[in-house]
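S.K.: I'd like to ask some things about the structure below.
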Amino acid sequence: MTSGTSTDAPLRRLAAIIVAGGGGTRMGDGLEKQFRSLRGRSVLAHSLAAFIDHPATARIIIVAAADRQAQAAAAIGDLAGDDRVVIVAGGARRQDSVAAGLAAASGTGISLVAIHDAARPFLPQRVITQLIAALDDGADAALPVLPVIDTMKLVEDNRVANTIDRVSLGRAQTPQMFRLAALATRHESLPPDTEVSDDIRLFEDGSARIDTVPGDECLMKLTQPADFAMLSALLHPEGDPTMPAALPPFDIRTGNGYDVHKFSDGDGPVRLGGVDIAHDRGLAAHSDGDVGLHALCDAIFGALADGDIGSHFPPSDERWKNADSATFLSFAASRCAERGAVILNLDLTLICERPKIGPHRDAMRARIAQLAGIDISRVAVKATTSEQLGFTGRGEGIAAQATATLAMPGETR
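Just so we're aligned, residue 463 is where the sequence shown starts under the working numbering, counting upward by one.
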């Protein structure tokens, strides 16, 4: 059975290439837009922060003009101290800069790559998570897209020629995500005289499956001076500057989960919260018996009104015999991403006389945060006994209860 405390290599598989080579001439003041300040931080630093905070990120490659690398390093400040961050020189065209980023990502054992415009500074974590889920589901490429709301007109020489049906149109955003090897191959085969405005175009030959995920209005690209004022007005004046304040309506959903497993006659360890703990007895179960992760899954499914762990992973199905429950929690998190839901908090209580939970609490929090794709500050793990009452008090098993709090897109989103 796979250890619950295994390294995070399966999750840290994403390279983010942030293209920061644009001249920003439309800003009019000579300062390139990626280096301009927005709410006390450079645009480039904001763009970088979303990937630094995401648990899937293994490497972040900032591609800047050769004579702007020092300026790029200064613009990201203390974020440059993260050992995942590198700055490389770009080329004359956007595709040349992306190719330079791909070369820096190659050979690192990374399987996924996201290409992101530096001028899109406010990237929600859920967009990254949903893009990864799309590729895990079999897509060759994926990107965030917003619907077209305005009526679209075909204009020629300042005169309307036709009305275009907007139903099949979408507004493409970044990051755009691919399998690293596939994108590198397409770039290598690109004719030298061909220019592309985004990397999805390299896959639009009918042979690839390109998925979309919901975009976000706050993921707008900064182009004109007025864009800075508009985006700044959407942000919280205090607290986390990367969290938009004027989001569309959200519903706050809460779900509860509960699970119990008795001790087996066999030796330990027991797995709790994704962590293997030495104990003289294991837990009897169809899977690995991780009551903590099982309760969390049911809490998430409850908040989503999406069945329970038994309906998604029935014990009658031999595929889940001795399964690592990390698979279940990752799936529950992906169901959130598919619905555009954000996990705000996960609260787990373990009820047992033994083993002692305290020494393993932080390891559990870290593992749960990793599997759910959220910051560890949003995960609580607590422990209590039943004062020697009931089956847990008699040392016959372990119980767990959990609460999940989600923000779900409202009806008008």
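No residue lacks a Cβ here, since even glycine has one placed at the ideal position from N, Cα and C.
#1: Express the C-alpha separation of ILE577 and THR625 in angstroms, rounding to a whole number.
#2: Should ILE771 go down as buried or exposed, given a rule of 16 or more other Cβ atoms within 10 Å for buried?
#3: I'd like to check one pair, THR674 with LEU755: are the Cβ atoms closer than 8 angstroms?
#4: Count the CB pairs spanning the segment 863-872 and the segment 800-819 that are closer than 8 angstroms, and state whether there are at least three.
#5: Going by the CB atoms, is the gap between PRO517 and GLY835 shorter than 8 angstroms?
#6: Write down the C-beta distance between ALA554 and VAL525 rounded to the nearest angstrom, noting that I regard them as a contact closer than 8 angstroms.
#7: Please classify GLY632: does DSSP put it in a helix, a strand, or coil?
#8: Compute the beta-carbon to beta-carbon distance between MET614 and ARG633, rounded to the nearest angstrom, for a pair I have assumed lies under 8 angstroms.
#9: Note down the Cα distance separating ILE672 from LEU500, rounded to an integer number of angstroms.
#10: Is it the case that the Cβ atoms of GLY764 and GLY728 are separated by a distance below 8 angstroms?
#11: What does a CB cutoff of less than 6 angstroms around ALA788 pick up in its chain, not counting 5 residues either side in sequence?
#12: In terms of residues, what are the limits of the beta strand (DSSP E) holding MET639?
#13: Apart from the five residues on each side of it in sequence, which residues of its chain come closer than 8 angstroms, Cβ to Cβ, to LEU693?
#14: Since I believe VAL753 is in contact with HIS741 (beta carbons under 8 angstroms), could you give me their beta-carbon distance rounded to a whole number of angstroms?
#15: Is it the case that the Cβ atoms of ALA567 and ILE479 are separated by a distance below 8 angstroms?
#16: State buried or exposed for GLU494, treating a residue as buried only when at least 16 other CB atoms are found within 10 Å of its CB.
#17: Buried or exposed for THR656, going by 16 or more other Cβ atoms inside 10 Å?
#18: Between LYS844 and the rest of its own chain, which residues show a CB-CB distance below 6 angstroms, the 5 nearest in sequence each way excluded?
#19: Does DSSP classify LYS495 as helix, strand or coil?
#20: Rounded to whole angstroms, what's the CA-CA distance from TYR720 to GLY730? Just pull it up for me.
#21: In angstroms with no decimal places, state the Cα-to-Cα distance between SER839 and HIS774.
#22: DSSP three-state call for GLY502: helix, strand or coil?
#23: Please check the pair ALA507 and ILE538, which I expect to be a contact at CB under 8 angstroms, by giving their CB distance rounded to whole angstroms.
#24: Helix, strand or coil: which one does DSSP assign to LEU833?
#25: What residue ranges within the segment 723-808 form continuous alpha helix (DSSP H) runs of no fewer than 4 residues, ordered along the chain?
#26: Going by DSSP, name the residue or residues bridged to ALA551.
#27: Who are the Cβ neighbours of VAL481 in its own chain at under 8 angstroms, not counting the five residues just before and after it?
#28: Are the CB atoms of ARG588 and ALA520 within a distance shorter than 8 angstroms?
#29: My guess is that ALA603 and ALA670 are in contact by the Cβ rule of under 8 angstroms, so how many angstroms apart are they, rounded?
#30: I need the straight-line Cα distance from ALA794 to SER749, nearest angstrom please.
#31: Quick check on the DSSP output: the alpha helix (DSSP H) that includes LEU652 runs from which residue to which?
#32: Just mark SER659 as buried or exposed, buried being the case when its beta carbon has 16 or more other beta carbons within 10 Å.
M.R.: A quick look at the data gives this:
#1: 32 angstroms
#2: buried
#3: Against a cut-off of 8 angstroms, the Cβ pair of THR674 and LEU755 comes out as no contact.
#4: Short answer: they touch.
#5: yes
#6: ALA554 to VAL525, Cβ: 12 angstroms. No contact.
#7: strand
#8: Not a contact, Cβ separation roughly 11 angstroms.
#9: 33 angstroms
#10: no
#11: GLY736, LEU833
#12: 638-641
#13: Cβ neighbours of LEU693 beyond the five flanking positions: LEU500, PRO583, PHE584, CYS680, MET682, LEU684.
#14: About 13 angstroms; that fails the 8 angstroms criterion.
#15: yes
#16: buried
#17: exposed
#18: Excluding residues within five positions, the ones whose Cβ falls inside 6 angstroms are THR811.
#19: helix
#20: 22 angstroms
#21: 28 angstroms
#22: coil
#23: 5 angstroms
#24: helix
#25: 753-766, 771-774, 788-800
#26: Paired residue(s): ALA526.
#27: The residues VAL525, GLY552, ARG556, SER559, VAL560, GLY563, ILE577, HIS578, ASP579, ALA580, in chain order, have a CB closer than 8 angstroms to that of VAL481 in the same chain once the five nearest residues on each side in sequence are set aside.
#28: no
#29: 6 angstroms
#30: 16 angstroms
#31: First-last for LEU652: undefined, no H or E at that position.
#32: exposed
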